[in-house]
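A short write-up of the structure that comes next.
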Amino acid sequence: MGGMSADMGTAAGPSIGRRLLAEFVGTGMLVAVVVGSGVAAQRLSPADVGLQLLENSIATTLGLAVLIVVLGPVSGAHLNPVVSLADWFLSRRGGARLGASHLGAYAASQVAGGVAGAVLANVMFEVPTATSTTARTGGGLLVAEVVATAGLVLVIFSLTRSGRGAWVAPAVGAYIGAAYWFTSSTSFANPAVTIGRMFTDTFAGIAPASVPGFVVAQLLGAVLGVVAATFFCPLPEQDEVSRQRRPEPEVVARAS
Numbered sequence: 001m002g003g004m005s006a007d008m009g010t011a012a013g014p015s016i017g018r019r020l021l022a023e024f025v026g027t028g029m030l031v032a033v034v035v036g037s038g039v040a041a042q043r044l045s046p047a048d049v050g051l052q053l054l055e056n057s058i059a060t061t062l063g064l065a066v067l068i069v070v071l072g073p074v075s076g077a078h079l080n081p082v083v084s085l086a087d088w089f090l091s092r093r094g095g096a097r098l099g100a101s102h103l104g105a106y107a108a109s110q111v112a113g114g115v116a117g118a119v120l121a122n123v124m125f126e127v128p129t130a131t132s133t134t135a136r137t138g139g140g141l142l143v144a145e146v147v148a149t150a151g152l153v154l155v156i157f158s159l160t161r162s163g164r165g166a167w168v169a170p171a172v173g174a175y176i177g178a179a180y181w182f183t184s185s186t187s188f189a190n191p192a193v194t195i196g197r198m199f200t201d202t203f204a205g206i207a208p209a210s211v212p213g214f215v216v217a218q219l220l221g222a223v224l225g226v227v228a229a230t231f232f233c234p235l236p237e238q239d240e241v242s243r244q245r246r247p248e249p250e251v252v253a254r255a256s
């Protein structure tokens with residue numbers, strides 16, 4: 001989970017320090033929402049796991065959309081290393097919004113924020129900060145993470161590349177809310193959030209041994225999402241190059 005606003009800061013916008021702090025705070029708040037609402041759901045609906053997931057998914061959907069709206073003008077509200085990686089890759093030829101020199105700093109801020117957010121949720125609900133014992137293993141869960149992350153990247157960049165960046169916040173929130181239910185993994189789709197959720201042995205936790213597989217699946221999903229976004233929503237200049245390379249129908253007819 002995570003997003004990217006059309007108003008992402010550039011070299012002429014907010015300083016890199018402000019952008020990194022926004023990514024730290026935003027990712028931390030996102031994990032606090034996920035973990036905190038999970039604990040609240042367990043306490044409010046102790047006998048109904050389905051209702052717990054509904055409560056958790058609604059809070060995450062709303063919280064994520066709000067964070068993207070609020071922090072988008074500062075840092076782009078990536079809140080997710082795979083979103084930052086995809087943004088750098090897709091825009092590297094035309095004055096990248098996120099330079100290669102800042103990519104690692106963004107990811108580090110997001111991971112640190114994710115861990116801090118889990119600890120904050122633990123403190124608010126007075127549960128001990130400890131590594132999770134919830135194993136999330138199996139091929140189906142890994143496939144689900146590939147699908148969830150690919151879909152997330154496709155949603156974000158199909159909108160930003162087609163001039164509909166204003167829709168990113170509600171679309172990403174809605175997609176993640178849906179992915180809670182149509183994926184068997186409940187759609188982590190974010191390495192920083194995945195790592196952060198190691199540090200809470202609650203409803204939203206994930207055991208450390210399960211994290212590497214999830215992160216690899218998310219990276220693979222990001223690659224597939226980038227491929228899909230470039231295929232379905234090529235930039236105007238890329239579309240023009242494609243048309244120039246395509247032979248005219250009359251020429252093809254004559255050649256045959």
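Start counting the sequence shown at 1; every next residue gets the next number (the UniProt record's numbering). Ideal placement from N, C-alpha and C gives every residue a C-beta, glycine not left out. These numbers were taken from a predicted model, which means no experiment stands behind them.
Cβ atoms of Val211 and Met198 come within 8 angstroms of each other, at about 6 angstroms.
Out of Ala116, Thr149 and Gly72, the CA that lies nearest to the CA of Ala222 is found in Thr149. For a cut-off of 8 angstroms, the C-beta gap from Leu152 to Ala209 is around 24 angstroms, too long to register as a contact.
The three-state secondary structure of His102, taken from DSSP, is helix. For the pair Gly3 and Leu64, the CB atoms are nearer than the 8 angstroms cut-off. Within the stretch 109-185, the runs of alpha helix (DSSP H) at least 4 residues long that lie entirely inside it are, in chain order, 139-160 and 168-182. Two segments are said to touch when three or more pairs of C-beta atoms, one from each, lie closer than 8 angstroms; by this definition the stretch 117-129 touches the stretch 32-51. The straight-line gap separating the alpha-carbon atoms of Ser57 and Leu85 is approximately 25 angstroms.
Here DSSP, grouped into helix, strand and coil, assigns Leu51 to helix. Each residue's CA atom was taken as its position, placing Ala47 and Gly140 some 26 angstroms apart. A check of alpha carbon separations from Ala192 across Ala116, Ala100 and Val69 identifies Ala116 as the nearest.
Taken atom to atom, the span from the alpha-carbon of Leu220 to that of Ala41 is near 31 angstroms.
Between the alpha carbons of Val227 and Leu154 lies a distance of about 9 angstroms.
By the Cβ-count criterion, Ser158 is buried, with 16 or more other Cβ atoms from all chains shown falling within 10 Å of its own Cβ. Counting every other CB atom within 10 Å of its CB across the protein chains shown gives Ala77 a total of 16 or more, marking it as buried. Here DSSP, grouped into helix, strand and coil, assigns Ser45 to coil.
With three or more CB-CB distances shorter than 8 angstroms, the stretch 157-174 counts as touching the stretch 67-75. Scanning the stretch 202-237 from its first residue to its last, no whole beta strand (DSSP E) run of 3-plus residues comes out.
Assigned with DSSP and collapsed to three states, Pro14 falls in coil, not helix or strand. Counting the other Cβ atoms within 10 Å of the Cβ of Pro81 gives 16 or more, which makes it buried. Sequence-distant Cβ neighbours of Cys233 in its own chain, meaning closer than 8 angstroms and more than five residues away, are Phe157, Ser158, Arg161 and Ser162. For Phe89, the uninterrupted alpha helix (DSSP H) segment begins and ends at Pro81 to Ser91.
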